[in-house]
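Numbering (this note's numbering), first residue to last: 13 to 115.
Idealized CB from N, CA, C, for every residue including glycine.
Only one structure is covered here, and it is reproduced in the block below.
Okay, structure coming up:
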């Protein structure tokens, strides 16, 4: 919305979008602790990620897809609890994105 309003000032968004992209990349650390997934789902991460998938900046959308890949990557020797947390995250994600047109 603001991009349309300030379409003649693209530099107005560069710094905030770079910060957002950096924050998304930092969230990849979460993939190493799937035991936190239920808590971040409770805090609304799936809604935030779904909203960001509709971002006008394709770099932001790409970073979200990479983050989702990291968060849901299942390693060969995964523990049952970690698998259940990933499954819980995926169920929350799918319920969040059902009904919205993603791409």
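Excluding five sequence positions before and after residue 47, the CB atoms of its chain that fall closer than 8 Å to its own CB belong to 93, 94, 97, given in chain order.
Looking at 60, 110, 100, the one whose alpha-carbon comes closest to that of residue 49 is 100.
At a Cβ-Cβ threshold of 8 Å, residue 59 and residue 108 count as neighbours. With contacts defined as CB atoms closer than 8 Å, residue 82 and residue 43 qualify as a contacting pair.
Taking every protein chain shown into account, the CB of residue 75 has 16 or more other CB atoms within 10 angstroms, so this residue is buried. In the same chain as residue 33, and ignoring 5 residues on each side of it, the C-beta atoms closer than 7 Å to its own belong to 71, 72, 75, in chain order. Under the three-state reduction of DSSP, residue 34 is assigned to helix.
With respect to the C-alpha of residue 84, the residue from 31, 25, 24, 106 having the closest C-alpha is 106. For residue 89 and residue 40, the gap between their C-alpha atoms comes out near 20 Å.
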